[in-house]
Amino acid sequence: MAKREAAGVTEDGTAAPERLSPREVRRRQRIELSREQMLETAEELFAERGYYATNLKDVAQRCEFSVGSIYSFFDSKEALYLAVLMRRGPGRLAEMKRLAAAPERAAGERFVALVTAELEHRRKYPAWAQLHAQMTKVGGRDVADVPPDYKDFHRETVRILAGVVADGQADGTIRPGDPHALARMCSALIDSFTLMDPMISDEPAGIGAEEFLTFVRETFTVA
1010 MAKREAAGVT EDGTAAPERL SPREVRRRQR IELSREQMLE TAEELFAERG
1060 YYATNLKDVA QRCEFSVGSI YSFFDSKEAL YLAVLMRRGP GRLAEMKRLA
1110 AAPERAAGER FVALVTAELE HRRKYPAWAQ LHAQMTKVGG RDVADVPPDY
1160 KDFHRETVRI LAGVVADGQA DGTIRPGDPH ALARMCSALI DSFTLMDPMI
1210 SDEPAGIGAE EFLTFVRETF TVA
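Numbering (this note's numbering), first residue to last: 1010 to 1232.
Set out below in structure tokens:
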């Protein structure tokens, strides 16, 4: 068996796991750390200056890499921007699906739980939250200019929310209306709140999360 694995094949004929030398492990760790540092820096700059006012030279200077190093990971500024947007997505979608499917809660409670979790997610990643809100708000980047993968990601979050709205209308805990339209309305309200949240933005006339959640309950749910 050991001979077969040394040849790159296990006893059952499948490919054996790649065995990396300590040196190769360290090299790959350095590469991943470099990529993460670039993403963190780009996230900060895109949030501070906006997409169009930020270039790869700015990112390189702040994270102390060469522009060539950034190109070794990302083909273009657009590719870097998409990676910044999408890096917070997979875990967020998984959590949304878990909350949406919670059988022990009425749909109205699940709806508020989804909104609450979204606020917590954005407060955990404030720079990303500003980017997302700027990307999706009315009058933000032109729809044709939004990366297709990010459009799909955003549509999926709205679809999950719309499913809970439909459940709530069936059990009498969410107001009547087109589920998808109500989900889009709620999503837009969350984006607007993000740009006013004193824990995320510099907006002097912001409102607190509890006040916003009370508004969401009163607007969308039925007591």
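Idealized CB from N, CA, C, for every residue including glycine.
Does the separation of the CB atoms of residue i and residue j fall below 8 Å?
i     : j     : result
L1091 : P1156 : yes
Q1139 : S1210 : yes
I1169 : A1109 : yes
V1167 : S1196 : yes
M1105 : L1128 : no
L1089 : A1051 : yes
In whole angstroms, what is the alpha-carbon distance linking residue i and residue j?
i     : j     : result
R1096 : R1132 : 16 Å
Q1070 : E1053 : 13 Å
E1220 : V1093 : 30 Å
T1230 : T1223 : 10 Å
V1174 : D1161 : 20 Å
R1058 : E1027 : 43 Å
G1181 : A1116 : 9 Å
L1198 : L1048 : 27 Å
P1207 : T1145 : 20 Å
A1232 : D1158 : 38 Å
E1118 : P1185 : 16 Å
V1147 : R1164 : Unreliable positioning characterises V1147 in this predicted model, as indicated by a pLDDT of 49, which lies under 50. The coordinate reading is nonetheless provided below. When rounded, the distance between both Cα atoms is 15 Å.
I1216 : L1029 : 52 Å
E1227 : P1188 : 17 Å
V1068 : A1111 : 41 Å
Rounded C-beta distance between residue i and residue j? I'm assuming under 8 Å.
i     : j     : result
R1114 : F1082 : Not quite, the Cβ-Cβ distance comes to about 42 Å (not below 8 Å), so this is no contact.
L1204 : A1142 : 5 Å
V1076 : K1066 : 6 Å
F1120 : G1177 : 6 Å
H1130 : R1101 : 6 Å
Going by DSSP, what residues sit across from residue i in a beta bridge?
i     : result
T1230 : I1183
Counting only runs of 3+ residues fully inside the stretch 1100 to 1124, write out the beta strand (DSSP E) ranges in chain order. none
Note down, one range per segment and in chain order, each alpha helix (DSSP H) of at least 4 residues found wholly within the stretch 1057 to 1091. 1065 to 1072, 1076 to 1080
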